[in-house]
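To start, the structure under review is shown below, and the notes come after it.
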Amino acid sequence: MATKQEEYYFPSLPVPSVQHLTLNIVNEIPDRYIRPEFQSELVCTDDSFQIPVIDFSKILNEKLRRDEMTKLHAACEEWGFFQLINHGSEETIEMMKNHAEEFFKQPLEEKKAYAQEPHSMEGYGQAFVQFEDQKLDWGDMYLVRALPVGIRNMKFWPKYPNTFRTPPKQEKLPGTPQSSTSIPHPKSKEIQPGLLGVVRMKPSLKREIIDRYSTEVNKLAIQLVGMMAENLGIEAKQLTGMLEDVLQPLRMNYYPPCPQADKVVGISPHSDPIALTLLIETNNVQGLQIRKNGMWVPVHAIPSAFIVNIGDMLEIWTNGKYKSIEHRVVVNHHKERLSVAAFHAPNNEDVIIGPRPDLVKEGAKYYKSTDLNTYYKLNGTLQGKKHANEMKLVNTTE
């Protein structure tokens, strides 16, 4: 049964665009963005202290698989974050990067056509704004629900024919995965160089880029979750089955430069309440930080890599064996930063959020079990690991 979670999936109040607010700011920024609580926190300065890097091609190589799977297991246990390289979607990532950059370079009035509606998170605006006097993050976002296809709200997609719901079949490109939606190669006449180095694409191409990106990233996410199950010694279906009917929001993030960058935060510290997140950085400006050993560790993204992080759901399903990690985004004094995040969660209200039975040994159950809709209602703001903490049991048994 399909869930009705879209009715309250972290709704957000509309607020002014930060990107366009910066056009009228010289030195002082509005008080609503000042975040003194984050200004004294310790940040790691050792660039060699980095999240693990997992080579997906080695996992697919029978001779190299065992060692790389061991590295994946350690990354999920000890870090909750890793970078994934050689995954086969490098070309699609580049196209999605160009699409995100092009969207945020549009005039404000054009972006407003996709503005969030009151009490909704989908569209152009800012996420997790629950109160009129709430402190705000220094960034804008554009979010659409890409999967399942049936819940796509076409108001938030460019107004093209409904054939977008079932993308037209095209001739397969050499080297394109069978499961992907083929689109013209970057050297095709369908793509023309644009201003500021941004690829200028025909409208029909943009929808296919998002669809192809969504499909490839979801396939990769399910593969990774299956590998995690294997590392935990349980059947893959115990975890991948939770995502057979998947909800996949895609969120494009834009963080403008800020004259008082040390006094604001791009995204408040939080862990992701979903199962698994795959993120790409589009313009190589560092900003993502994770909490490790009592300090914030900057993540230096590898070009064309996915930054993968465990969400609260996976922490709960694995009974705490894999951990979701708090992370935040800081902003730059002089440079903008862009990223694209793909979130993966169940889209079926029959799914239970609770430890998988085979991972509960001798009654040591560390988390409650609840239905999906109740879980989503636990918290609608960014407050550290609020979802995971709300689900923890006081004792080791329920």
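Quick note: the sequence shown, position 184, residue 184 per full-length UniProt numbering, numbers continuous.
Beta carbons are placed, not taken as given, at the ideal position from N, Cα and C, and that holds for glycine.
Note that the structure is predicted; figures quoted are calculated from it, not measured.
In this structure, residue 326 places its C-beta atom within 9 Å of the C-beta atom of residue 271. Restricting attention to 258, 226, 216, 239, the CA atom closest to the CA of residue 279 is found in 216. Counting C-beta atoms within 10 angstroms of its own C-beta, residue 309 has 16 or more neighbours from the protein chains shown and is therefore classed as buried. Excluding five sequence positions before and after residue 104, the CB atoms of its chain that fall closer than 6 Å to its own CB belong to 254, given in chain order. Following the DSSP letters along the chain, one finds residue 281 inside the beta strand (DSSP E) bounded by residues 276-281. Our two residues, residue 44 and residue 154, have alpha carbons roughly 43 Å apart in a direct line. With contact defined as three or more Cβ pairs closer than 8 Å, the stretch 61-80 and the stretch 315-335 are in contact.
DSSP places residue 389 in no beta strand (DSSP E) but in the uninterrupted alpha helix (DSSP H) bounded by 386-391. Within the stretch 107-143, the runs of alpha helix (DSSP H) that reach at least 4 residues and sit entirely inside it are, in chain order, 108-112. According to the DSSP assignment, residue 83 belongs to the beta strand (DSSP E) that extends over 81-85. A distance below 9 Å separates the beta carbons of residue 282 and residue 338.
Restricting attention to 259, 28, 226, 291, the CA atom closest to the CA of residue 275 is found in 226. Taken atom to atom, the span from the alpha-carbon of residue 128 to that of residue 94 is near 28 Å.
If only uninterrupted alpha helix (DSSP H) runs of at least 4 residues are considered, those enclosed by the stretch 311-379 are 312-317, 372-376.
Checking the DSSP bridge columns, you'll see residue 296 partnered with 43, 291.
Within a 10 Å sphere around the beta-carbon of residue 385 sit 16 or more other beta-carbons, which makes this residue buried. Closest in C-alpha terms to residue 300, from the list 277, 59, 52, comes 52. Here residue 73 has 231 as same chain residues with Cβ atoms under 7 Å from its own Cβ, once five neighbours each way along the sequence are excluded.
Boundaries cannot be given for residue 61, as no beta strand (DSSP E) includes it and DSSP labels it neither H nor E. For residue 18, the uninterrupted alpha helix (DSSP H) run begins and ends at 18-21, by DSSP. For residue 98, the enclosing alpha helix (DSSP H) begins and ends at 90-104. By the neighbour-count definition (other C-beta atoms within 10 Å, threshold 16), residue 134 is an exposed residue.
Here DSSP, grouped into helix, strand and coil, assigns residue 218 to helix. Taking all protein chains in view, the Cβ of residue 264 is crowded by 16 or more other Cβ atoms within 10 Å, so the residue is classified as buried. Per DSSP, reduced to three states, the secondary structure at residue 145 is strand.
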